[in-house]
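Residue numbers (my numbering): 211 to 465. Glycine included, C-beta positions come from ideal geometry on N, C-alpha and C. Remarks on the structure that follows.
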């Protein structure tokens, strides 16, 4: 007997489901429905939730601190760079200041020495210009004293001599000293020979007479002494070294 198609479909829909499908469906329904938790499980769940929240909060704070620490490290590195640059600038400034100070000291000493040298040159020129005046005064005084003089003229000559003495006093204060070498050994560095005189009673090359005194200032000869020199006598003996040393010690003791 044939069954209509419609009836066959309805029959299949009403057929009972297999046992395996029924079990799976029941398990699925049980999974969807949350099971009730015991008090202990609820405490554990709360603890876990608190720990997770604490962990998350700690991680956030740690990351924040790490970021701040990294920023501080960068700032410290920048500060170190700035410090190094500042120290380099300070060292350069100190070096430049030392160089400027040394240059200033050198300039000050140089200008001071230049002023002293200029003053000495000016004094030398003045003394050299006055030397002929002193020579004329001395020649005039020598001539006047070799003559018979009235009392009033004698007073005039004494006045001229006083002026000459004051002028020589100024020379002495400026370090100017005369060269009057009569009887000394001739020295071409400070003497100018203008004649020779035969005299066997004196050592050879001895200053016999001084025609014009010389002058020196600070070791520099402003004008050599014009002298006559003897010849025909014995050679002057060389000074003994011990005698020179004793003479030097005596001069130091006297000073």
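Item, Value
"Short Cβ contact (9 Å threshold) for residue 408 with residue 440", "yes"
"Alpha-carbon to alpha-carbon, residue 306 and residue 340", "50 Å"
"Cutoff 7 Å; reference residue 354; Cβ partners in own chain excluding five residues on either side", "367"
"Best match in 437, 421, 358, 417 for proximity to residue 443 [C-alpha to C-alpha]", "417"
"Bridge-paired residues (DSSP) for residue 408", "441"
"Strand pairing of residue 376, partner residues [DSSP]", "Bridge partners of residue 376: none, in fact."
"Span of the beta strand (DSSP E), counted from its first residue to its last, around residue 327", "Segment 249 to 355 is the alpha helix (DSSP H) holding residue 327; no beta strand (DSSP E) there."
"Exposure of residue 433, with buried meaning 16 or more beta-carbon neighbours within 10 Å", "buried"
"Neighbourhood of residue 333 by C-beta distance below 6 Å, restricted to the same chain and skipping five residues each side", "384"
"Whole-number beta carbon distance between residue 389 and residue 413, since they are thought to touch under 8 Å", "Rounded, the Cβ-Cβ distance is 19 Å, inconsistent with contact."
"Nearest-angstrom Cβ-Cβ length linking residue 373 and residue 392, presumed shorter than 8 Å", "Actually they do not touch by this definition, with Cβ atoms about 25 Å apart."
"Under the three-state DSSP convention, the category residue 424 falls into", "strand"
"Terminal residues of the beta strand (DSSP E) in which residue 389 lies", "386 to 389"
"Start-to-end residues for the beta strand (DSSP E) that takes in residue 430", "430 to 433"
"Nearest residue (CA-CA) to residue 411, options 446, 369, 381, 402", "446"
"DSSP-derived helix/strand/coil call for residue 414", "coil"
"Sub-9 Å separation of residue 337 and residue 381 beta-carbons", "yes"
"As assigned by DSSP and simplified to three states, the class of residue 419", "strand"
"Cβ neighbour criterion (16 or more within 10 Å) applied to residue 386", "buried"
"Same chain, Cβ closer than 6 Å to residue 351, five either side skipped, listed in chain order", "371"
"Nearest-angstrom Cα separation, counted from residue 285 out to residue 292", "10 Å"
"Residue burial classification, residue 435 (beta-carbon count within 10 angstroms, cutoff 16)", "buried"
"Beta bridge counterpart(s) of residue 402 as assigned by DSSP", "436"
"Alpha-carbon spacing of residue 274 relative to residue 287, whole angstroms", "20 Å"
"Distance between residue 415 and residue 204 (C-alpha atoms, nearest Å)", "Past the edges of the chain, shown from 211 to 465, lies residue 204, and the structure says nothing about it."
"Environment of residue 222 [buried if 16+ CB atoms lie within 10 Å]", "Residue placement at residue 222 is flagged as unreliable, the pLDDT there being 48, under the threshold of 50; the coordinate-derived value follows with that caveat. That one is exposed."
"Burial state of residue 396, where buried means 16 or more other Cβ atoms lie within 10 Å", "buried"
"Contacting residues, own chain, Cβ-Cβ under 7 Å from residue 423 (five flanking each side not counted)", "388, 389, 390, 435"
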